[in-house]
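Protein chains in written order, with this note's numbering: chain D, 1087 to 1311; chain B, 74 to 337.
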């Protein structure tokens, strides 16, 4: 089993048959989709989250639609995404972005609204403009909550990339997994599951690394940092 | 020059259809370089008074002036020290103090000199790279005072800054504040419910009535400076404290009787 896992990745022994050594290209395809979808989704999520957390008019205008849309399972969007974008990268990226959007927008709103009033007053006392207050007080204060959203978004992104690749794309880790299943190569299926797990884990560690470099100050504030 | 003037100031808070009169016709003048304390029963609008000068809230009627100019918004000419110090938890001690000067666009050298000097005066130099969560309550409050002073304010507004500290730390902080104030000579408006603290630090103590807050008495404190903690046992100190205690007791009892009257 481990030898099959290794052959899918490195392609020397040929034990994985036609799946020998194919991992790299498919992994790159999946990682790229996750990256683009995730970044688009969280960029929009953080931007709208800041807006909705800060301004009542933005929350009034957007909250109902976001709450309704959020309750549609992302998987239910897949047929529509294929109709709109056809088969290839674009429906996959759309689905991932949509999935990444909701946790990040909701946690950003939560983070912004949780900003300590006294800290805002301290910023005002220093004569900060609205933009400075935003950048120097509200954003750093909301950052721990935003990162919580990002971790959830990243997990969802990996789930959705596999789904999208099973349905709408002919490349990537999800495609490989399903294809191996059709070829009755259960050993390769399991090897792929392991690979997906490792990819998700590594990307989460990367995110935590970024978090730690930005949020060293929360060590004493949160349990376990 | 830095004078604070309250000119027939009233403040009414509206909430849930109920109007609460926090301040009623307050007229007070705090002269340049005076250290003025405000004491009074809880809920008498002490903090509201301070918030009006800070510009966090507008008065409902009347005018609040600093150097003859009406207060319109918060600004670095009025440094505020809050009871919950309200430090920026993501900034080190140094950056917390320096941020205000950076926003004012001051030069790097001027910032280094001023922040370094303040850290020295506050005994914070060894802790300059620490985050607020790594500091004790007293240290945090020292950072907050240094942060307000770094702005180069004309007046310093302090809202029960030592209220949450233990008695020992509070005494040390009071002496530290005395020393720093005697050096910096700012006009200070200091809100507290600790009578000894008010007398020890102030040139004048304003006693407020229970809600709605009005000025009840203005009591000068003719104790010589520089002051040391030992004056709390001097005759003058004890006499002023007795007078204040009597007045504040009378006021608290009146407030209680009125409340009972309303409820009955």
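Cβ atoms here follow ideal geometry from the backbone N, Cα and C, with glycine treated the same way.
None of the values given here were measured: they were computed from a predicted structure.
Inset, instruction - Measure the C-alpha to C-alpha separation of residue 244 of chain B and residue 263 of chain B and round it to an integer number of angstroms. - result: Translated into the one-based positions of the second chain, residue 244 of chain B becomes position 171. Translated into the one-based positions of the second chain, residue 263 of chain B becomes position 190. Rounded to whole angstroms, residue 244 of chain B to residue 263 of chain B spans 16 Å at the Cα level.
Legend entry - Test: residue 155 of chain B CB closer than 7 Å to a CB of chain D: Taking the second chain and counting its residues from 1, one reaches residue 155 of chain B at position 82. Yes, contact with chain D.
Legend entry - CA-to-CA distance, residue 85 of chain B to residue 1211 of chain D, given in whole angstroms: Here residue 1211 of chain D refers to the residue found at position 125 when the first chain is read from its first residue. Here residue 85 of chain B refers to the residue found at position 12 when the second chain is read from its first residue. Whole-angstrom Cα-Cα distance: 23 Å.
Inset, instruction - Tell me whether residue 193 of chain B sits in a helix, a strand or coil according to DSSP, three-state version. - result: To locate residue 193 of chain B, count along the second chain from 1; it is residue 120. If DSSP states are grouped into helix, strand and coil, residue 193 of chain B belongs with the helices.
Inset, instruction - Closer than 7 Å by beta-carbon distance: list the chain B residues that pair up with residue 1153 of chain D, in chain order. - result: Locating residue 1153 of chain D in the first chain gives position 67, counting from the first residue. Neighbours of residue 1153 of chain D on chain B: none; closest Cβ ~27 Å, over 7 Å.
Inset, instruction - Kindly list, in the order they appear in chain B, the residues whose Cβ is closer than 9 Å to that of residue 1205 of chain D. - result: Here the question's residue 1205 of chain D lines up with position 119 in the first chain. Residues of chain B passing the Cβ test: 159, 160, 161, 162.
Legend entry - Counted within 10 angstroms of its Cβ, other Cβ atoms place residue 193 of chain B as buried (16 or more) or exposed: The sequence position of residue 193 of chain B within the second chain is 120, counting from 1. Exposed.
Inset, instruction - Report buried or exposed for residue 1181 of chain D, applying the criterion of at least 16 other Cβ atoms within 10 angstroms of its Cβ. - result: Numbered from its first residue, the first chain carries residue 1181 of chain D at position 95. Buried: at least 16 other Cβ atoms inside 10 Å.
Legend entry - residue 1151 of chain D versus D/1192, D/1115, D/1175, residue with shortest Cα-Cα distance: Indexing the first chain from 1 puts residue 1151 of chain D at position 65. Nearest of D/1192, D/1115, D/1175 to residue 1151 of chain D, Cα basis: D/1192.
Legend entry - Environment of residue 1299 of chain D [buried if 16+ CB atoms lie within 10 Å]: Taking the first chain and counting its residues from 1, the one referred to as residue 1299 of chain D is at position 213. Classification for residue 1299 of chain D: exposed.
Legend entry - Interfacial residues, the region 1221-1232 of chain D to chain B, with Cβ spacing under 8 Å: 1222, 1223, 1226, 1227, 1229
Inset, instruction - Taking only the alpha-carbon atoms, compute the straight-line gap between residue 1358 of chain D and residue 1229 of chain D and give it to the nearest angstrom. - result: Nothing about residue 1358 of chain D can be read from this structure; chain D reaches only from 1087 to 1311.
Inset, instruction - Kindly provide the ranges of any alpha helix (DSSP H) runs that are 4 or more residues long and lie completely inside the region 77-164 of chain B, ordered along the chain. - result: 119-127
Legend entry - Under 7 Å between C-beta atoms of residue 126 of chain B and residue 230 of chain B: Your numbering for residue 126 of chain B matches position 53 in the second chain. Your numbering for residue 230 of chain B matches position 157 in the second chain. Yes, they are a contact pair.
Legend entry - Below-7 Å beta-carbon distance, residue 1093 of chain D vs any chain B residue: Reading the first chain from its first residue, position 7 is the one you call residue 1093 of chain D. No, its Cβ sits nowhere closer than 7 Å to a Cβ of chain B.
Legend entry - Helix, strand or coil at residue 1179 of chain D according to DSSP, with G and I counted as helix: Numbered from its first residue, the first chain carries residue 1179 of chain D at position 93. Residue 1179 of chain D falls in the helix class under three-state DSSP.
Inset, instruction - Figure out for me which residue from B/132, B/202, B/300 has the closest Cα to the Cα of residue 95 of chain B. - result: Translated into positions along the second chain, residue 95 of chain B becomes position 22. Among B/132, B/202, B/300, the Cα nearest to that of residue 95 of chain B is on B/132.
Legend entry - Cβ-based neighbour list, residue 242 of chain B, same chain, cut-off 6 Å, excluding 5 preceding and 5 following: As a first step, residue 242 of chain B is located in the second chain; it is residue number 169 there, counting from the start. The answer, listed in chain order, is 211.
Inset, instruction - Compare the C-alpha of residue 173 of chain B against each of B/278, B/151, B/157 and name the closest. - result: Sequence index remark: in the second chain, residue 173 of chain B carries index 100 (1-based). Closest by alpha carbon: B/151.
Inset, instruction - Pair every Cβ in the region 1250-1259 of chain D with every Cβ in the region 1196-1204 of chain D, then say whether three or more of these pairs are closer than 8 Å. - result: no
Inset, instruction - Hey, could you find the ends of the alpha helix (DSSP H) residue 1207 of chain D is sitting in? - result: On the first chain, position 121 is the one that residue 1207 of chain D refers to. Unbroken alpha helix (DSSP H) run through residue 1207 of chain D: 1203-1211.
Inset, instruction - Say whether chain B places a C-beta atom closer than 7 Å to the C-beta of residue 1131 of chain D. - result: Numbered from its first residue, the first chain carries residue 1131 of chain D at position 45. So, not an interface residue.
Inset, instruction - Report all residues from its chain with a CB closer than 7 Å to the CB of residue 224 of chain B; omit the five preceding and five following residues, and keep chain order. - result: Walking along the second chain from the start, residue 224 of chain B turns up at place 151. Closer than 7 Å at the Cβ level, and outside the excluded window around residue 224 of chain B, lie 149, 152, 173.
Inset, instruction - Report the rounded CA-to-CA distance for residue 204 of chain B versus residue 1190 of chain D, giving the unit in angstroms. - result: For the purposes of this step, residue 204 of chain B is identified with residue 131 of the second chain, where counting begins at 1. For the purposes of this step, residue 1190 of chain D is identified with residue 104 of the first chain, where counting begins at 1. Whole-angstrom Cα-Cα distance: 27 Å.
Legend entry - residue 231 of chain B - containing beta strand (DSSP E), residue span: To locate residue 231 of chain B, count along the second chain from 1; it is residue 158. Segment 228-232, the beta strand (DSSP E) holding residue 231 of chain B.
Legend entry - Interface partners of residue 263 of chain B on chain D, CB under 9 Å: The residue given as residue 263 of chain B occupies position 190 in the second chain. Result: empty, since nearest Cβ-Cβ is about 16 Å, beyond 9 Å.
Inset, instruction - Answer with yes or no whether the minimum CB distance from residue 1213 of chain D to chain B is below 7 Å. - result: Looking up residue 1213 of chain D in the first chain gives position 127. Yes, its Cβ sits closer than 7 Å to a Cβ of chain B.
Inset, instruction - Determine, using beta carbons only, whether residue 211 of chain B comes closer than 7 Å to chain D. - result: Sequence index remark: in the second chain, residue 211 of chain B carries index 138 (1-based). By this cut-off, residue 211 of chain B is not an interface position.
Legend entry - Proximal residues to residue 1293 of chain D (C-beta, below 8 Å), its chain only, five neighbours per side dropped: Mapped onto the first chain, residue 1293 of chain D falls at position 207. So the list reads 1233, 1236, 1237, 1240, once near-sequence residues are dropped.
Legend entry - Residue from D/1142, D/1247, D/1183, D/1162 with nearest C-alpha to residue 1126 of chain D: As a working note, residue 1126 of chain D is residue 40 in the first chain. The residue with the shortest Cα to Cα distance from residue 1126 of chain D is D/1183.
Legend entry - Contact set between residue 249 of chain B and chain D, taken where Cβ atoms lie within less than 9 Å: Here residue 249 of chain B is taken as the residue at index 176 of the second chain, counted from 1. Simply none; closest approach about 20 Å.
Legend entry - Pick from D/1219, D/1285, D/1263, D/1209 that is closest to residue 1243 of chain D, judged by C-alpha positions: Position 157 of the first chain holds residue 1243 of chain D. Residue 1243 of chain D has its Cα closest to that of D/1285, out of D/1219, D/1285, D/1263, D/1209.
Inset, instruction - Could you have a look at residue 289 of chain B and say whether DSSP puts it in helix, strand or coil? - result: One-based indexing of the second chain puts residue 289 of chain B at position 216. Note: residue 289 of chain B maps to strand in three-state DSSP.
Legend entry - is_contact[residue 1303 of chain D, chain B] using C-beta, thresh 7 Å: To locate residue 1303 of chain D, count along the first chain from 1; it is residue 217. Chain B contact via Cβ: present.
Inset, instruction - Inspect the beta-carbon positions of residue 198 of chain B and residue 268 of chain B and report whether they are closer than 7 Å. - result: Counting from 1 along the second chain, the entry for residue 198 of chain B is found at position 125. Counting from 1 along the second chain, the entry for residue 268 of chain B is found at position 195. It is not a contact, given that the beta carbons lie outside the stated cut-off.
Legend entry - Identity of the residue in B/213, B/182, B/138, B/190 nearest residue 169 of chain B by Cα: Numbered from 1 along the second chain, position 96 holds the residue referred to as residue 169 of chain B. Measuring from the Cα of residue 169 of chain B, the nearest candidate turns out to be B/213.
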